[in-house]
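Chains as they are written, first to last, in our numbering: chain L, 1 to 482; chain W, 1001 to 1095.
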């Protein structure tokens, strides 16, 4: 039997506000436990939540960016459940009338990534994050840190439109890039600012109704998401093909064992008894605000990618890789602006050496050891033939290690490329004089020896001769008088 | 009666409320009467009437995104049963 995989994703994006969604507590990551938890966040009696204007604006920006409908009269609801990291006994969320309804995202699919597919969004709503539970630190207790309680979240829910783990990751990467372009979320998956749950089910190919789904929780890297979905799909197939039924439940992915395990039975936990929160009035979003935010929309990833292809002449691959991450793309633009008219060279360096160095040190382009200005200084030396492309890579490594500007490193290491034709001709003549046998054979028609002479000249030049010039001059001189 | 005893017991469990066996019958009757009272609304034609989310005919005022709270952890933790290293301690929760 052939099975069709059905995946829907729920993304929780922490909105990049300064203060929490319903209180004036700071949202800075990594503070001492409970030092950013006010009476509202702690759920003390008698307090009232007051909605953060910026969280509303960010949610509307997202809705506009995905061509969704903005609900101009949005309602907050209480989602009731008991857990120690939720001191009120309910999470303020949205149920009916979420702020963003519908919308869509386009992803690249197919072997060559040349086809596109539209993934529909169900909704995106505002809610508050819960606190953090520490289960490991104490023998008989769980420690609770409520700094995270009340950080604004935008929960972005997709339709079950994805048909493979690969499509799910492509969709997630699109959302991940989008929220960063919009400046509404920093996208940091390690710190939990961007989290994902996946609803996975299978059905016989061609069947209309959906199979029973399981929900995979808190998948915190793109790689794990793909692996977790694949391993869960295999489990579904095994269970069903051995004559059993999938139970609707929440499961956790264990990356070490590469397997999923049941977390809790959803039946009881699912009874959230939503009702409109009497502490919060309906939120009205005026047309004027929507129009103002529409004007503020920055250039979005898809538009930027098209511009890179059409106006900068980059390949589809380069354009995609660069625009997948706003910070890489911004670095690339700063680099191009400094050096001018070298877009392909700039793209190669950002995608190649720079990204490799950043990945190795786990840095973001904004934290790069080599600034766009400094890198432009190096690329300028490639363009004016001071250094070759391969020497430039060594210079870059030195610059990365803090050894100064491109010119400093080139001078200190004596890497300046020999591009004076007379100096190169002198070297060539020396090499020819030292290898009369090979010269004779070459002139008798053994063309393959050309490479031998190139190697000898480069060796004589300590690797510093301009390769293009060596080739050209060598051709001329070897064939002279022959 | 519009509510069953089982429904009331389930609601009590979800709300973490302990109902003594001898009051469950009375609570079920009382809650049923409240629910039945709301049935009166079924006599009214509500076509075209939007569900009311809040009794006040007002809209939510929004707050500027500014940090206005400072760290008062020591004060707040005085009303907690147990704390350690700045964390609130609760009986072990096992997932």
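Don't be surprised by glycine CBs; every beta carbon is placed ideally from N, CA and C.
DSSP has residue i in a bridge; who is on the other side?
i: residue 134 of chain L; result: L:143
i: residue 1094 of chain W; result: In the DSSP output, where bridge partners are listed per residue, residue 1094 of chain W has none listed.
i: residue 1083 of chain W; result: W:1088
i: residue 79 of chain L; result: L:91
i: residue 262 of chain L; result: L:251
i: residue 162 of chain L; result: L:7
i: residue 154 of chain L; result: L:13 and L:126
i: residue 1063 of chain W; result: L:52
i: residue 19 of chain L; result: L:26
i: residue 69 of chain L; result: L:101
i: residue 74 of chain L; result: L:283
i: residue 229 of chain L; result: Beta-bridge pairing links residue 229 of chain L to no other residue.
i: residue 418 of chain L; result: L:465
Would you grab the beta carbon distance between residue i and residue j for me? Rounded to a whole angstrom, and I think it's under 8 Å.
i: residue 415 of chain L; j: residue 387 of chain L; result: 6 Å
i: residue 133 of chain L; j: residue 1093 of chain W; result: 6 Å
i: residue 152 of chain L; j: residue 14 of chain L; result: 7 Å
i: residue 281 of chain L; j: residue 1058 of chain W; result: 5 Å
i: residue 100 of chain L; j: residue 68 of chain L; result: 5 Å
i: residue 272 of chain L; j: residue 81 of chain L; result: 6 Å
i: residue 5 of chain L; j: residue 85 of chain L; result: With a Cβ gap of about 33 Å, residue 5 of chain L and residue 85 of chain L do not count as contacting.
i: residue 402 of chain L; j: residue 369 of chain L; result: 7 Å
i: residue 249 of chain L; j: residue 262 of chain L; result: 5 Å
i: residue 459 of chain L; j: residue 449 of chain L; result: With 8 Å as the limit, residue 459 of chain L and residue 449 of chain L do not qualify as a contact, their Cβ atoms being about 15 Å apart.
Are the CB atoms of residue j and residue i within a distance shorter than 9 Å?
i: residue 232 of chain L; j: residue 216 of chain L; result: yes
i: residue 126 of chain L; j: residue 297 of chain L; result: no
i: residue 130 of chain L; j: residue 83 of chain L; result: yes
i: residue 483 of chain L; j: residue 379 of chain L; result: Shown here, chain L extends from 1 to 482; a query on residue 483 of chain L therefore has no answer.
i: residue 73 of chain L; j: residue 285 of chain L; result: yes
i: residue 120 of chain L; j: residue 71 of chain L; result: no
i: residue 51 of chain L; j: residue 283 of chain L; result: yes
i: residue 391 of chain L; j: residue 204 of chain L; result: no
i: residue 76 of chain L; j: residue 276 of chain L; result: yes
i: residue 1086 of chain W; j: residue 33 of chain L; result: yes
i: residue 58 of chain L; j: residue 184 of chain L; result: yes
i: residue 376 of chain L; j: residue 314 of chain L; result: no
i: residue 178 of chain L; j: residue 198 of chain L; result: no
i: residue 49 of chain L; j: residue 40 of chain L; result: yes
i: residue 1062 of chain W; j: residue 53 of chain L; result: yes
i: residue 169 of chain L; j: residue 222 of chain L; result: yes
i: residue 461 of chain L; j: residue 424 of chain L; result: yes
i: residue 418 of chain L; j: residue 465 of chain L; result: yes
i: residue 331 of chain L; j: residue 354 of chain L; result: yes
i: residue 406 of chain L; j: residue 374 of chain L; result: yes
i: residue 98 of chain L; j: residue 43 of chain L; result: no
i: residue 244 of chain L; j: residue 29 of chain L; result: no
i: residue 432 of chain L; j: residue 478 of chain L; result: yes
i: residue 533 of chain L; j: residue 147 of chain L; result: Lying before the first or after the last residue shown, residue 533 of chain L is absent from chain L, which here runs from 1 to 482.
i: residue 487 of chain L; j: residue 305 of chain L; result: Residue coverage of chain L in this structure runs from 1 to 482, which leaves residue 487 of chain L outside it and unanswerable.
What are the boundary residues of the alpha helix (DSSP H) that includes residue i?
i: residue 322 of chain L; result: 316-323
i: residue 372 of chain L; result: 372-383
i: residue 171 of chain L; result: 165-181
i: residue 25 of chain L; result: First-last for residue 25 of chain L: undefined, no H or E at that position.
i: residue 294 of chain L; result: 287-296
i: residue 1059 of chain W; result: Where residue 1059 of chain W is concerned, there is no enclosing alpha helix (DSSP H), given that its DSSP letter is neither H nor E.
i: residue 459 of chain L; result: 449-460
i: residue 412 of chain L; result: 406-412
i: residue 430 of chain L; result: 421-434
i: residue 1007 of chain W; result: 1005-1014
i: residue 112 of chain L; result: Neither: residue 112 of chain L is in no alpha helix (DSSP H) and is coded neither H nor E.
i: residue 1025 of chain W; result: 1021-1038
i: residue 50 of chain L; result: Run containing residue 50 of chain L: none; DSSP gives neither H nor E here.
i: residue 475 of chain L; result: 467-479
i: residue 396 of chain L; result: 389-400
i: residue 363 of chain L; result: Element bounds for residue 363 of chain L: n/a, residue is neither H nor E.
Which residue comes first and which comes last in the beta strand (DSSP E) that contains residue i?
i: residue 278 of chain L; result: Unbroken run through residue 278 of chain L: none, as it is neither H nor E.
i: residue 203 of chain L; result: 194-204
i: residue 105 of chain L; result: 104-109
i: residue 217 of chain L; result: 214-217
i: residue 8 of chain L; result: 3-14
i: residue 126 of chain L; result: 115-128
Does the beta-carbon of residue i, which I'm using as the reference point, lie nearer than 8 Å to any heavy atom of the ligand ADP?
i: residue 62 of chain L; result: The ligand content of the structure shown is nil, which means the ligand ADP is not present either.
For the stretch 420-431 of chain L against the stretch 472-480 of chain L, are there 3 or more C-beta pairs whose distance is under 8 Å?
The stretch 420-431 of chain L, when compared against the stretch 472-480 of chain L, does touch it at the 8 Å Cβ threshold.
When the Cβ atoms of the stretch 8-26 of chain L are set against those of the stretch 150-161 of chain L, are three or more pairs found closer than 8 Å?
Yes: the two stretches touch, three or more of their Cβ pairs being nearer than 8 Å.
How about the stretch 227-245 of chain L and the stretch 164-171 of chain L: do they share at least three Cβ pairs that are nearer than 8 Å?
Yes: the two stretches touch, three or more of their Cβ pairs being nearer than 8 Å.
When the Cβ atoms of the stretch 20-34 of chain L are set against those of the stretch 1065-1083 of chain W, are three or more pairs found closer than 8 Å?
With the cut-off at 8 Å, the stretch 20-34 of chain L and the stretch 1065-1083 of chain W touch.
Going along the chain, which residues of the stretch 1060-1073 of chain W sit with their C-beta nearer than 8 Å to a C-beta in chain C?
The structure shown contains no chain C; the protein chains it does contain are L and W.
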